[in-house]
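Below is one structure, written out as structure tokens; the observations come after it.
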Amino acid sequence: MSHDSGHHIIPVKMLYAVIGILVFLTVLTVALAQVELGVFEVPVALAIALTKAGFVVMIFMALKWDNRVNATILAVGGLFVVVFITFILLDTEYRGDLSNTTEGTIMDQQRADQAMEGREPERADIQFNRQ
Amino acid sequence: MANPQTNQPAHVKHYFVSSEQQFDAAKMGMWLFLVTEILLFSGMFVAYTIYRSWHPETWMALSTALDWKLGGLNTLVLLASSFTVAMGINQIQRGNQKGLLINLILTFVFAGVFLVVKYFEYAAKIEHGLLPGAAFDPHGISHGFDYATYNVPYGPQFFSIYFVMTGIHGFHVLVGMGLFAWITWKAKNGAFSADYYTPVENCGLYWHLVDIIWIFLFPLLYLI
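Chains as they are written, first to last, in the working numbering: chain A, 1 to 131; chain B, 1001 to 1224.
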């Protein structure tokens, strides 16, 4: 029985560095949530979360030094998640638009209609202006 | 310690060529399982994505109903537990059984802290009727804030998604505590060494995945 298992031992210093980065990114994502980012709100939050997940996967889970087959398994799993979300969104965001000849998607029109209905008190005026 | 028939260490099953091959096979099986876990949660993330894209105003209004301080605290607790798992594996790779044991106990404690914080969060939601589906009935005043203002359209759907996602994640934390209790017990009895620590490695991988799921849940539910 050899005493060296042959596995890559991640230096303790690196583990400390990674937990430091992860805590910093957590503070950063909380701080950025207090700022009005508009359309960038979701992409920024997702980018920080993906960076954190990347550090956990590569260093804590040691995928960086691991057998490549495990990285391939994870990549294929990630690909399926992307396909899953993309195709569902293609349906739910553009439902009925194949034969739609008006400007904007049907979802956009429904949202505009809902916004109109939301303005109950001035409804008569809106109706009047619309026609 | 060695198996007299195969001339391999006792922990190596007869159908493996070496300890290394057995370790790699177990680990690959774990990664395959983790992908099925990712796909399980991705179904819930898809539900989240659709409802958010359909009703962004509901998400804007109700993400403030969740306590980002408690959610943030739990994020730090889970990150710390991931760190102790990685440290534990570092220790046993160097043959330090005591170092492993301490880190495994710390991981178990952090997991417990996570669930205690989650209990207080759920208790506050239940008290004020912030519940999924038909049970959704925001009421009551706390710290001068009237919870009835959370009674917005599609609020029931928001809390269905909140409770299902955090609930299934919380269940994974509970399962993780069971796993860590088991390997802590084994570690205490000196079952692991630099040559054999496969259960620690695989439970660790599972635990890191549970941490990663929360890394996504926290900003998506509590912050934005």
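A virtual CB, placed ideally from N, CA and C, is assigned to each residue, including glycine. Computed from a prediction, not measured in an experiment: that's the story for all the values here.
Task: Classification of A1123 (chain B) by the beta-carbon crowding that lies within 10 angstroms, buried from 16 upward - done: exposed
Task: Own chain partners of G1140 (chain B) with C-beta closer than 6 Å, once the 5 adjacent residues on each side are dropped - done: H1128 and Y1147
Open item on the list: Suppose the cutoff is 7 Å on Cβ atoms and the five residues either side in sequence are ignored; what does the same chain contact list for R111 (chain A) look like?
Closed with: none
Open item on the list: Check this for me: beta carbons of F1110 (chain B) and V1077 (chain B), under 8 Å apart or not?
Closed with: yes
- [ ] Within the same chain, show all residues whose beta-carbon is closer than 6 Å to that of V18 (chain A), passing over the 5 residues directly before and after it, in chain order.
- [x] F55 and I59
Task: Cβ pair count under 8 Å reaching 3, the segment 1034-1043 of chain B against the segment 69-77 of chain A - done: Touching, per the Cβ criterion.
TODO: Measure the C-alpha to C-alpha separation of R130 (chain A) and D113 (chain A) and round it to an integer number of angstroms.
DONE: In this prediction, R130 (chain A) has a pLDDT of 48, which is less than 50 and means its spatial position is unreliable; nothing more can be read from the coordinates.
- [ ] Give a yes or no on whether the minimum CB-CB distance between A1086 (chain B) and chain A is below 8 Å.
- [x] yes
- [ ] Report all residues from its chain with a CB closer than 7 Å to the CB of F1041 (chain B); omit the five preceding and five following residues, and keep chain order.
- [x] I1213
TODO: Measuring only between beta-carbons, confirm whether L22 (chain A) sits less than 8 Å from chain B.
DONE: yes
- [ ] Could you please give the first and the last residue of the uninterrupted alpha helix (DSSP H) stretch that includes Y16 (chain A)?
- [x] V12 to Q34
- [ ] Identify the continuous alpha helix (DSSP H) that holds M1087 (chain B) and give its terminal residues.
- [x] W1068 to Q1093
TODO: Identify each residue in the segment 13-42 of chain A for which the Cβ-Cβ distance to at least one residue of chain B is less than 7 Å, and report them in chain order.
DONE: L15, I19, L22, V23, T26, T29, V30, A33, E41 and V42
Task: Status (buried if at least 16 other CB within 10 Å, exposed otherwise) for F1114 (chain B) - done: buried
TODO: Reducing DSSP to helix, strand and coil, say where D1137 (chain B) ends up.
DONE: Correct three-state label for D1137 (chain B): coil.
Task: Backbone secondary structure at S1019 (chain B) - three-state DSSP - done: helix
Open item on the list: Are the CB atoms of V1046 (chain B) and F84 (chain A) within a distance shorter than 8 Å?
Closed with: Cβ atoms of F84 (chain A) and V1046 (chain B): closer than 8 Å.
TODO: Could you say if the segment 1057-1075 of chain B and the segment 1214-1221 of chain B meet the contact criterion of at least three C-beta pairs nearer than 8 Å?
DONE: Flag = yes, the segment 1057-1075 of chain B and the segment 1214-1221 of chain B touch.
TODO: Mark A1135 (chain B) as exposed unless 16 or more other C-beta atoms lie within 10 angstroms of its C-beta, in which case mark it buried.
DONE: exposed
Open item on the list: So K52 (chain A) contacts chain B; which residues on that side make the cut at Cβ distance below 7 Å?
Closed with: I1215
TODO: Scan the segment 1022-1072 of chain B and note each continuous alpha helix (DSSP H) run of 4 residues or more that stays entirely inside, going in chain order.
DONE: 1056-1062
TODO: Give the straight-line distance between the Cα atoms of D66 (chain A) and L50 (chain A), rounded to the nearest whole angstrom.
DONE: Roughly 20 Å between the two C-alpha positions.
Open item on the list: Per DSSP, what are the beta-bridge partners of D113 (chain A) in this structure?
Closed with: None; D113 (chain A) has no bridge partner.
- [ ] Closer than 8 Å by C-beta to D4 (chain A): which residues in its own chain qualify, once you throw out the five before and the five after it? Chain order, please.
- [x] The predicted position of D4 (chain A) is uncertain, since its pLDDT is 48 and thus under 50; a value taken from the coordinates is nonetheless stated next. If we look at D4 (chain A) and ignore the five residues flanking it on each side, it has no Cβ neighbours.
Task: Amino acids of chain B, ordered along the chain, whose beta-carbon sits closer than 8 Å to that of I9 (chain A) - done: Chain-ordered, the chain B residues with CB closer than 8 Å to the CB of I9 (chain A) read N1090, Q1093 and R1094.
TODO: Spell out the partners DSSP gives F1145 (chain B) in its beta bridges.
DONE: Note: F1145 (chain B) sits in a beta bridge opposite B:S1142.
- [ ] List the residues of chain A whose Cβ lies closer than 7 Å to the Cβ of L1205 (chain B), in chain order.
- [x] Correct list: M61.
- [ ] Indicate whether at least one CB of chain B lies closer than 8 Å to the CB of L90 (chain A).
- [x] no
TODO: State yes or no: is the beta carbon of D97 (chain A) nearer than 8 Å to at least one beta carbon in chain B?
DONE: Cβ-Cβ to chain B under 8 Å: no for D97 (chain A).
- [ ] Taking G1225 (chain B) as part of the alpha helix (DSSP H), name the residues at either end of that continuous run.
- [x] Only positions 1001 to 1224 of chain B appear in this structure, which leaves residue 1225 (chain B) out of reach.
TODO: Whole angstroms is fine: what's the gap from K1013 (chain B)'s alpha carbon to F1108 (chain B)'s?
DONE: 29 Å
Task: Option in B:N1189, B:H1169, B:V1200 and B:S1018 with minimal Cα separation from T1084 (chain B) - done: Of the candidates B:N1189, B:H1169, B:V1200 and B:S1018, the residue whose Cα lies closest to the Cα of T1084 (chain B) is B:V1200.
- [ ] Could you check which residue in B:T1184, B:L1217 and B:I1215 has the C-alpha nearest to that of G1204 (chain B)?
- [x] B:T1184
Task: Beta carbon of Y1196 (chain B) nearer than 8 Å to that of S1019 (chain B) - done: yes
Open item on the list: Helix, strand or coil, according to DSSP, for Q1157 (chain B) in the structure here?
Closed with: Of the three classes helix, strand and coil, the one that applies to Q1157 (chain B) here is helix, per DSSP.
Open item on the list: Counting only C-beta atoms, is K1027 (chain B) closer than 8 Å to chain A at any point?
Closed with: yes
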